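A short write-up of the structure that comes next.
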Amino acid sequence: MAHRLNVLVCSGASCISNDSLKVKEAMLAEIDRLGLNKEIKVIETGCMGPCQLGPVILVYPDETLYKKVQVEDVREIVEQHFLKGRPVERLMYKSPLTDELVHKSSEVDYFQKQVKIVLANCGNIDPESIEEYIAVGGYEALGKAVTEMTPDTVLNEIKISGLRGRGGGGFPTHMKWMFTKNEKSDEKYVICNADEGDPGAFMDRSVIEGDPHTLIEGMAIAGYVVGASKGYVYVRAEYPLAIERLQKAISQAKDVGFLGEKIFQSDFSFDLEVRVGAGAFVCGEETALIHSIEGKRGTPRPRPPYPSASGVWGKPTVLNNVETYANVRHIILNGGAWMAKIGTETSKGTKVFALSGTIKNTGLAEVPMGTTIRELIYDIGGGAPEGHEIKAVQLGGPSGGCVTPEYFDTPIDYESLTQLGAMMGSGGVIAMDETACMVNTAKFFLDFTCFESCGKCTPCRVGLKQMYGLLDKITKGEGEEGDIEALEKLGNTIKTTALCGLGQTAPNPVLSTIKYFRHEYEEHIHDKKCRALVCKDLISYEIDAEKCKACTLCAQKCPVDAIRGQRGVIHVIEQEKCVSCGSCYDVCPFGAVQRLSGEN
Amino acid sequence: MKRKEILRKYEAKPDNLLYILHDIQDASPYNYVTEEDMEEIADFLGLPYSKVYGTATFYSMISQKPRGKHVIRLCDSPPCHLMGSESILDILKEELGIDVGQTTPDMLFTLEITSCLGVCGVAPAMMIDEEVFGNLTPKKLRKIIKDYREGNV
Amino acid sequence: MKNLEELRKLREKAQKEIQLRSKDAKIKVVVGMGTSGIAAGAREVLKAFITEINQKNLTDVMVTQTGEKGMSSMEPIVEIHEEKKPVIIYGDMNPSKVKKVVEEHIVNGKVVEDYLISMEEK
């Protein structure tokens, strides 16, 4: 017979040391005394993690977490909670942040602040099995849309939900769909932009790899609304596993009849095809992406006309990114009003962020709009690794900008991030601690956009190169008065004159680092100092005579024989010869090699 | 002939160009597309040679010069950079004895830099052919290269 | 697929099948096989599970895969599902840790605390 309650008593080493086994024995005796043996099962488990709270007891199905339970507490728990159903609040776990009772164990740690809508299935179902997707309610939204709703009522739900594009700009999804729907044409198309090129963003890959049918279902619903019978998913070639799983999912959906002719015996037919990129970042721009789907060079063109009027093959086309489509089925199943309740005034629902860089918990986090940057990087991300401090986060990849700690309490929505000089972008969050040089980081982003510029328009092709040149000069210690101003002027000009989104946003990392870290730029230029000790040309190496054990290891490694000394004779670096390669610093087992910058 | 077989799989529509280029490159023992390949594709699709050449040269993953059996693409985007991809690159260069963009004399490896591989949570990362490796350390990297050299993959 | 009715029947059947499957198999091992997981070594972990389970002739254990949960820093991630028990999630796995998990957890029912990330309700 199944038990009504499962009581998990932690028997990790630390709880045992706090007498958890005696607590368990007392509990068994008490349960026996009240004749509850058949209803309640007591299980010894391994360590549950929060050892400082031990002995810990977890009660299922309520998920009540009791802490520091002693033998004398047992009777109260069994009588009050197990028998009468009233959890004993004085023993329950309280959140250290809010001092409120935590009622469920799943409310702790990494998942506590997360709300999983888009990622609900990722990591919970087998992505290669359409049956598992159906088992969790898959394709019900599509069925409901095509059999019980008109394109207009579906569109209206999307409108009520307040869904906005998750790929960057945040354009209202229902408007995009409406524009395409209103176009008169014999053929229309639905495209998914899965060319997730922004460094530091990987949620689209995770959704396609972990839950490909969610994307298919969202696109089919879009097709129904706008009157398209064909769709393309444009996936970058760097994601072979995503391509493989998506292709498999499409063929499964065709077999069962969720794609193809007369879906759910309606008049709606929809077919989907995967298109694979070949390593060009600019193809994430919508007009470039359309060219690439057509088998051409992936260069952008001026808009208007927008794809909604003239997209692939010159036909009306609706184009959204993966995360946007992944929201659609939830809106249809739960109603637009349900989603509109989550988030802020202007930004509804959740957003998936990808945490990377110098942060403890890297990975994906789905949070309601309006969550603060601080909650995202500290409560979920765990902050910087031990002994370090986060000095900035780069939001929105190479199109975004950096945000400094004084703004970490800003609630995340499209408008507030843009105001800070960053952007939502695709949701990449790159944390940087004091070991990151902001000038170097900006240069790094620009190196990327210079390389990826398609070369069609002059501001982007030539302007970015000029900016890169200035940054390169500054990081090499050759910066001059006026360089910062020149960077600002160039950056603002490129922003207003470049042809497409790549060029228009490429100066952002430079402009925002100048805005928040102007002092680092000035130190590089005036004091020839890189405080993060990153810019090679601004660093010198010295050996601390106190710490040096004269082992010759550094001298052996030095590629230019710049280190004098021998076994038993303290080593010295000849500054004229040194090329600041850092080999000696890396190899010294005693930490005797010091890095200096701007000191002389 | 391989090229003909590949072309036969496709409808002669211009939008199949990228797929065909990928396929022909994958079938090539040296991971590239030749001038003859591009000429024949142009004929097959009814496109001018310039269009095919223009597209093939636009995309960084399509190569016009012979490459090694295995193409190593080290991710050099900011998250990997912050986590030390530069020193990983130094070791790769040292292990393989080549620079970025070059191929080992035994035609086993080509070393390339790629934009983000989308595994920033396990940075630094690289891709060998279609396999992705993350949390790279010098030790792990040397073992991977050794495994590929000895054919243990 | 004719209508919603048919879909719902299919859904019920699928749900049952998933349950049935876990009934045959008392323990389900789920390996996170997104690219992050694979890049961190999930393939070796999956292989190790299959090898260990075959070597020990364990017939009531099923090994399957899923996508990414999002906790990249703890990849490769493995979940152990058992009926009426919380799901045990192990992180930072490798083949030698797999050996220990199979020996201690799967065979002897003792959670390997050292590798534990969390226990989740079903």
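Respectively, the protein sequence lines represent chains A, B and C.
Just so we're aligned, residue 136 is where the first sequence starts under our numbering, counting upward by one.
Just so we're aligned, residue 16 is where the second sequence starts under our numbering, counting upward by one.
Just so we're aligned, residue 168 is where the third sequence starts under our numbering, counting upward by one.
For each residue, glycine too, the CB sits at the ideal point set by N, CA and C.
Just so we're clear, the structure is a prediction, and the values are computed from it rather than from any experiment.
Where residue i meets chain C, residues with beta-carbon distance less than 9 Å
i	result
F124 of chain B	The contacting residues do not exist; F124 of chain B stays about 19 Å from chain C at best.
Q387 of chain A	Ordered by position in chain C, no residue passes the 9 Å Cβ test against Q387 of chain A, which lies about 12 Å from the chain.
C257 of chain A	G201, T233, G234, E235, K236 and G237
K106 of chain A	Examination of residue 106 of chain A is not possible in this model, given that chain A is present from 136 through 735 alone.
Inter-residue spacing [alpha-carbon to alpha-carbon] between residue i and residue j
i	j	result
K279 of chain A	D287 of chain A	14 Å
K663 of chain A	S386 of chain A	60 Å
V411 of chain A	E55 of chain B	21 Å
R371 of chain A	H659 of chain A	38 Å
G304 of chain A	N456 of chain A	11 Å
P231 of chain A	F124 of chain B	The predicted model places P231 of chain A with a pLDDT of 48, which falls under 50 and marks its position as unreliable; any figure quoted below should be read in that light. Going by the C-alpha atoms only, they are around 53 Å apart.
S189 of chain C	N259 of chain A	Note that S189 of chain C scores a pLDDT of 48, beneath 50, so its modelled location is shaky; the value from the coordinates is reported in the next line. Going by the C-alpha atoms only, they are around 14 Å apart.
I619 of chain A	I705 of chain A	43 Å
M136 of chain A	K173 of chain A	With a pLDDT of only 41 at M136 of chain A, under 50, the local geometry of the prediction cannot be trusted, and the value read off the model is given with reservation. Using only the alpha carbons, I get a separation of about 8 Å.
R299 of chain A	C572 of chain A	34 Å
I326 of chain A	I194 of chain C	41 Å
S240 of chain A	I175 of chain A	With a pLDDT of 48 at S240 of chain A, under the threshold of 50, the predicted position of this residue should be treated as unreliable, and no value is reported.
V538 of chain A	Y282 of chain C	35 Å
K219 of chain A	L200 of chain A	17 Å
V279 of chain C	V268 of chain C	6 Å
E287 of chain C	P642 of chain A	45 Å
V463 of chain A	S482 of chain A	16 Å
D167 of chain A	A161 of chain A	10 Å
D114 of chain B	E331 of chain A	28 Å
Per-residue contacts from residue i into chain A (C-beta, under 7 Å)
i	result
P94 of chain B	P334, G335, S491, G492 and I565
G69 of chain B	R432
Same chain only: Cβ atoms within 7 Å of residue i, ignoring 5 sequence neighbours per side
i	result
F148 of chain B	A140, M141 and I159
R380 of chain A	P262, E263, I343, E344 and P347
G470 of chain A	E292
M168 of chain C	L174
A461 of chain A	V253, V342, T349, L350 and G353
Beta-carbon separation (whole angstroms), residue i vs residue j, contact threshold 8 Å
i	j	result
I169 of chain B	I143 of chain B	Residue 169 of chain B falls outside the range modelled here, since chain B spans only 16 to 168, and no answer is possible.
F403 of chain A	Y359 of chain A	5 Å
K17 of chain B	A42 of chain B	5 Å
P736 of chain A	G638 of chain A	In the structure as shown, chain A begins at 136 and stops at 735. Residue 736 of chain A is therefore absent and cannot be evaluated.
V168 of chain B	N150 of chain B	Not confirmed; about 18 Å, so no contact.
I244 of chain C	V230 of chain C	The Cβ separation is near 14 Å, so there is no contact.
Contacting residues, own chain, Cβ-Cβ under 8 Å from residue i (five flanking each side not counted)
i	result
N328 of chain A	G302, Y369, G419, E421, L424, L454, N455, N456 and V457
S333 of chain A	Checking the sequence, you will find Asp at residue 333 of chain A rather than Ser. Result list for D333 of chain A: G419, G531, G532, P533, S534, G560, S561 and G563, in chain order.
M241 of chain C	G258, D259 and I284
R509 of chain A	F543 and D544
Proximal residues of chain A, C-beta to C-beta of residue i below 8 Å
i	result
A181 of chain C	E266, E267, I269 and A270
K195 of chain C	Going along chain A, no residue has its Cβ under 8 Å from K195 of chain C, so there is no contact; the nearest lies around 11 Å.
Neighbour list for residue i in chain B, Cβ cutoff strictly below 8 Å
i	result
L427 of chain A	One point to set straight first is that residue 427 of chain A is Ser, not Leu, in the sequence displayed. What S427 of chain A touches in chain B: L33.
E246 of chain C	Per Cβ cutoff of 8 Å: no residues; E246 of chain C is ~18 Å from chain B at best.
S203 of chain C	V134, G136, V137 and G149
Under 7 Å from the C-beta of residue i: neighbouring residues of chain C
i	result
A140 of chain B	A206
R340 of chain A	T202
V391 of chain A	M168
Under 8 Å from the C-beta of residue i: neighbouring residues of chain C
i	result
G412 of chain A	Here the premise fails: no neighbours, minimum Cβ distance about 16 Å.
Per-residue contacts from residue i into chain B (C-beta, under 7 Å)
i	result
E211 of chain C	Here the premise fails: no neighbours, minimum Cβ distance about 11 Å.
S240 of chain C	G136
Neighbourhood of residue i by C-beta distance below 6 Å, restricted to the same chain and skipping five residues each side
i	result
Y603 of chain A	L581 and C585
L187 of chain C	A caution first: L187 of chain C carries a pLDDT of 46, below 50, which makes its placement in the model unreliable, though a value can still be read off. Contacts found: none.
G362 of chain A	K323
L555 of chain A	V538 and Y542
Residue-level contact to chain D via CB, residue i, 9 Å cutoff
i	result
Q529 of chain A	Looking for chain D here will not work: the only protein chains present are A, B and C.
If we require 3 or more residues per run, which beta strand (DSSP E) segments fall completely within the stretch 417–471 of chain A?
452–456
Write down every uninterrupted run of the beta strand (DSSP E) in the stretch 511–599 of chain A whose length is 3 residues or greater and which is fully enclosed by it, in chain order.
525–530, 536–538 and 563–568
Ignoring anything shorter than 3 residues or poking outside the stretch 163–231 of chain A, list the beta strand (DSSP E) runs there in chain order.
175–180, 192–195 and 199–201
Ignoring anything shorter than 4 residues or poking outside the stretch 369–403 of chain A, list the alpha helix (DSSP H) runs there in chain order.
375–391
Which full runs of the alpha helix (DSSP H) of 4+ residues lie inside the stretch 253–340 of chain A, going along the chain?
265–270, 275–283, 286–296 and 308–317
Every unbroken beta strand (DSSP E) within the stretch 87–143 of chain B, with a cutoff of 3 residues, ordered by chain
124–129 and 141–143
Residue ranges of each alpha helix (DSSP H) within the stretch 203–257 of chain C, 4 or longer
209–222
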